[in-house]
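If you're matching positions, the sequence shown starts at 1 in our numbering and goes up one per residue. C-beta: ideal position from N, C-alpha, C; glycine also. Worksheet for the structure shown next.
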Amino acid sequence: MTAIELDEYGSAVTVPLPDEVGRALAASRIVEAAPDPYRPGAWRLRAGGKVGAVALRAPGHRPVTLRIAPKVPISRLFFLIGYAANPRVHRDGEVSVAEQDELLPALAQGFERSLERALRQGVLQGYRHTEETASVVRGRIREAEQVKRHHGRAFPVEVAFDDYGTDIAENRLLRAATERLLTLPRVPDGVRRRLRHHRGRLLDAQPLTRGIRDLPQWRASRLNLRYQPALQLAETILRGSSVEHSDGRVSIDGYLIDTHKIFEDFVCVALREALAEHGGRSALQARGVHLDEAGAVRMRPDLVWYGDQGSPRAVADAKYKAEKPEGFPDADLYQMLAYCTALGLSDGHLVYARGHEPSATHRVRHAGIRIHQHALALERPPEQLLAAIATIARLMAEGADATRPAQEAVRHRPRKAEVPRW
Numbered sequence: 001m002t003a004i005e006l007d008e009y010g011s012a013v014t015v016p017l018p019d020e021v022g023r024a025l026a027a028s029r030i031v032e033a034a035p036d037p038y039r040p041g042a043w044r045l046r047a048g049g050k051v052g053a054v055a056l057r058a059p060g061h062r063p064v065t066l067r068i069a070p071k072v073p074i075s076r077l078f079f080l081i082g083y084a085a086n087p088r089v090h091r092d093g094e095v096s097v098a099e100q101d102e103l104l105p106a107l108a109q110g111f112e113r114s115l116e117r118a119l120r121q122g123v124l125q126g127y128r129h130t131e132e133t134a135s136v137v138r139g140r141i142r143e144a145e146q147v148k149r150h151h152g153r154a155f156p157v158e159v160a161f162d163d164y165g166t167d168i169a170e171n172r173l174l175r176a177a178t179e180r181l182l183t184l185p186r187v188p189d190g191v192r193r194r195l196r197h198h199r200g201r202l203l204d205a206q207p208l209t210r211g212i213r214d215l216p217q218w219r220a221s222r223l224n225l226r227y228q229p230a231l232q233l234a235e236t237i238l239r240g241s242s243v244e245h246s247d248g249r250v251s252i253d254g255y256l257i258d259t260h261k262i263f264e265d266f267v268c269v270a271l272r273e274a275l276a277e278h279g280g281r282s283a284l285q286a287r288g289v290h291l292d293e294a295g296a297v298r299m300r301p302d303l304v305w306y307g308d309q310g311s312p313r314a315v316a317d318a319k320y321k322a323e324k325p326e327g328f329p330d331a332d333l334y335q336m337l338a339y340c341t342a343l344g345l346s347d348g349h350l351v352y353a354r355g356h357e358p359s360a361t362h363r364v365r366h367a368g369i370r371i372h373q374h375a376l377a378l379e380r381p382p383e384q385l386l387a388a389i390a391t392i393a394r395l396m397a398e399g400a401d402a403t404r405p406a407q408e409a410v411r412h413r414p415r416k417a418e419v420p421r422w
């Protein structure tokens, strides 16, 4: 078997590959793949923002295993996931995966340990709202549905009720993530055996339909506090992509996760927690923001911080991407300028996973808007990482207090001179 090791957003690597395998990789868009113009029979591969492992098989050729390692330590990746799930529990030791140096085995091991802690006190129970067609009356009758579906017949009857038991969203998510991991290769045998045991305790929860896009919604509360680390890992597992592809000659199977989403979730939650000390409220993936007056051009900033009176005070966007050799991408500046213009703010903040560029501030000509670019060093210990987030939050609060919002300038802009009537 041929093993290829790539680093997330690392330099391109030239490897000998059969043309069928290279073309299949290029078509799958798992990595950037192109023939090497100087070495016949070789391909140049470069990883993007997806990490994990896939296996490629072509008739008459040796199997190829492609592994993409994250650019941050795996333990730090688990810290980002865990903090986004529950900021009150953010120690590295919550889920120890130090003995694993590959993503999928570490993810499976971390989830199994979190699941074991979640189920240690028993399977969580709760109420689940159900609407169904039944032969007996239970709960209340849905009269409108009864008339529409059965045209006045007494039976069957359309009912709605709240059922108390273990078939709730939390257990359905945990069961689905467990079953997803059991289908994947490279899960350690001991972890696989314990996952089967945990699955047996969750069989009363309904399985999720394969390929479902919308995961069951759950709400964090005191009752499911012990479940929350496992639930966040479960959502990460289920949102990851199982790669199953075949073009008739080359088959590809494996598992990848999107580190962009992990980083953005962490930055937004950490900023929300840090800004809470300055009052107001924070909205993640804020809705209702439009660029035009007609409301036709919608925008979704990662975080908008609102003051006590409900007016926006600051906006931030998380960017987990590679830098250009000359600095941060210019397109991010244009996007943040649009956010500031639509929200009437004089300061906008972009938060990057740092590569080589220091933080920077740009003043937009003729607009009175400043765009701040902050760089987070993800390899730092969690305490230093959270301290850097707190510094960004303080700068956001100070900027909102010290500068006059752009909307004031618009409000007091002189009107056009009226044309006198003769």
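Original post:
Which residues share a DSSP beta bridge with E32?
Top reply: Residue mapping note: residue 32 aligns to position 32 of the sequence shown, counting from 1. Answer is R46, bridged to E32.
**OP:** Assign D92 to one of three DSSP states: helix, strand, or coil.
**Re:** Working through the sequence shown from its first residue, we reach residue 92 at position 92. Bear in mind that the predicted position of D92 carries a pLDDT of just 42, short of 50, making it unreliable; the figure below should be weighed with that in mind. D92 falls in the helix class under three-state DSSP.
Subject >> Beta-carbon spacing of G52, I257 below 7 Å >> reply: Numbered from 1 along the sequence shown, position 52 holds the residue referred to as residue 52. Numbered from 1 along the sequence shown, position 257 holds the residue referred to as residue 257. Pairing G52 with I257 gives a Cβ-Cβ distance under 7 Å.
Original post:
Considering only C-alpha positions, which residue in the set G22, R29 and A318 is nearest to D265?
Top reply: On the sequence shown, residue 265 is found 265 positions in, with the first residue counted as 1. It is A318.
Original post:
Which whole-angstrom value is the C-beta distance of A12 and R67, which I expect to be below 8 Å?
Top reply: Taking the sequence shown and counting its residues from 1, one reaches residue 12 at position 12. Taking the sequence shown and counting its residues from 1, one reaches residue 67 at position 67. A12 to R67, Cβ: 16 Å. No contact.
**OP:** Please go through the region 287-372 and give each complete beta strand (DSSP E) segment of 3 or more residues, from N-terminal end onward.
**Re:** 303-306, 312-319, 347-353 and 360-364
Subject >> CB contact below 7 Å: A58 versus chain E >> reply: The displayed structure is made up of one protein chain only, and chain E is not part of it.
Original post:
Where does A12 fall in DSSP's three states?
Top reply: By 1-based counting over the sequence shown, the position of residue 12 is 12. In this structure, A12 counts as coil in the three-state DSSP scheme.
Original post:
Within this structure, are the beta carbons of A108 and G254 separated by less than 7 Å?
Top reply: As a first step, residue 108 must be located in the sequence shown, where it is residue number 108. As a first step, residue 254 must be located in the sequence shown, where it is residue number 254. Not in contact: A108 and G254 (Cβ atoms no closer than 7 Å).
Original post:
Any idea what DSSP makes of I168, helix, strand or coil?
Top reply: What you label residue 168 is simply residue 168 of the sequence shown in a count that begins at 1. I168: coil per DSSP, three-state reduction.
Subject >> Assigned secondary structure, V54 (DSSP; H/G/I helix, E/B strand, else coil) >> reply: Here residue 54 corresponds to residue number 54 of the sequence shown, with the count starting at 1. V54 falls in the strand class under three-state DSSP.
Subject >> Delimiting residues of the beta strand (DSSP E) encompassing G254 >> reply: Translated into the one-based positions of the sequence shown, residue 254 becomes position 254. Residues S251 to D258.
Subject >> C-alpha distance - L303 paired with V137, whole-angstrom precision >> reply: Taking the sequence shown and counting its residues from 1, one reaches residue 303 at position 303. Taking the sequence shown and counting its residues from 1, one reaches residue 137 at position 137. Between L303 and V137, the C-alpha separation is close to 47 Å.
Original post:
CB-CB under 7 Å to A390, same chain, minus the five flanking residues each way: which ones, in chain order?
Top reply: Taking the first residue of the sequence shown as 1, we reach residue 390 at position 390. Only A274 meet the Cβ criterion.
**OP:** Use the C-beta contact count for H151: other C-beta atoms within 10 angstroms, 16 or more gives buried, fewer gives exposed.
**Re:** Start at 1 with the first residue of the sequence shown, and residue 151 comes out as number 151. Exposed: under 16 other Cβ atoms inside 10 Å.
**OP:** Could you pull out every residue in the same chain whose Cβ sits closer than 6 Å to the Cβ of I168, ignoring the five residues on either side in sequence?
**Re:** Against the sequence shown, residue 168 aligns to sequence position 168. So the list reads G126 and R128, once near-sequence residues are dropped.
Subject >> Extent of the continuous alpha helix (DSSP H) run through H197 >> reply: On the sequence shown, position 197 is the one that residue 197 refers to. Where H197 is concerned, the enclosing alpha helix (DSSP H) stretches over D189 to R201.
Subject >> For S282: DSSP bridge partner residues >> reply: Translated into the one-based positions of the sequence shown, residue 282 becomes position 282. W305, per the DSSP bridge assignment.
**OP:** Measuring alpha carbon to alpha carbon, tell me which of L291, L104, Q206 and F263 ends up nearest L184.
**Re:** For this step, residue 184 is matched to residue 184 along the sequence shown. Nearest option by C-alpha distance: L104.
Subject >> Spatial distance of R380 from A400 (CA atoms) >> reply: For the purposes of this step, residue 380 is taken as residue 380 along the sequence shown, with counting starting at 1. For the purposes of this step, residue 400 is taken as residue 400 along the sequence shown, with counting starting at 1. The straight-line gap separating the alpha-carbon atoms of R380 and A400 is approximately 28 Å.
Original post:
In the structure shown, what three-state DSSP assignment does P73 receive?
Top reply: Numbered from its first residue, the sequence shown carries residue 73 at position 73. Residue state, collapsed to three classes: coil.
Original post:
Ends of the alpha helix (DSSP H) at R113?
Top reply: Position 113 of the sequence shown, counting from 1, holds the residue named residue 113. Residues L103 to L119.
Original post:
According to DSSP, is R222 helix, strand or coil?
Top reply: Along the sequence shown, one-based indexing puts residue 222 at 222. Three-state result, R222: coil.
Subject >> Between the CA atoms of D330 and R272 - distance to the nearest angstrom >> reply: Numbered from its first residue, the sequence shown carries residue 272 at position 272. Numbered from its first residue, the sequence shown carries residue 330 at position 330. Distance from the CA of R272 to the CA of D330, rounded to the nearest whole angstrom, comes to 26 Å.
**OP:** Would you grab the beta carbon distance between I252 and A24 for me? Rounded to a whole angstrom, and I think it's under 8 Å.
**Re:** Position 252 of the sequence shown, counted from the first residue, corresponds to residue 252. Position 24 of the sequence shown, counted from the first residue, corresponds to residue 24. About 6 Å; that satisfies the 8 Å criterion.
**OP:** For P59, count neighbouring C-beta atoms within 10 Å of its own C-beta (all shown protein chains included) and say buried if the count is 16 or more, exposed if not.
**Re:** The residue given as residue 59 occupies position 59 in the sequence shown. When all chains shown are included, P59 counts as exposed.
Subject >> Close-in-space but distant-in-sequence residues of the same chain around G307 (CB under 7 Å, 5 per side omitted) >> reply: For the purposes of this step, residue 307 is identified with residue 307 of the sequence shown, where counting begins at 1. Correct list, in chain order: G280 and R313.
Original post:
Among R120, R363, H362 and V315, which one has its Cα closest to the Cα of R201?
Top reply: On the sequence shown, position 201 is the one that residue 201 refers to. Among R120, R363, H362 and V315, the Cα nearest to that of R201 is on R120.
Original post:
Mapping DSSP to helix, strand and coil, what is R239?
Top reply: Counting from 1 along the sequence shown, the entry for residue 239 is found at position 239. Helix at R239.
Subject >> Cβ neighbours of P18 in the same chain (closer than 7 Å, five flanking residues each side left out) >> reply: Against the sequence shown, residue 18 aligns to sequence position 18. Counting only Cβ-Cβ distances below 7 Å, and skipping sequence neighbours, we find A58 and H61.
Original post:
Taking Cβ to Cβ, would you say A234 is nearer than 7 Å to L333?
Top reply: Numbered from its first residue, the sequence shown carries residue 234 at position 234. Numbered from its first residue, the sequence shown carries residue 333 at position 333. No; because the gap between Cβ atoms is not below 7 Å, this pair is not in contact.
**OP:** Would you kindly check if the distance between the Cβ of V157 and the Cβ of A176 is under 7 Å?
**Re:** By 1-based counting over the sequence shown, the position of residue 176 is 176. By 1-based counting over the sequence shown, the position of residue 157 is 157. Cβ distance not < 7 Å, so A176 and V157 don't count as in contact.
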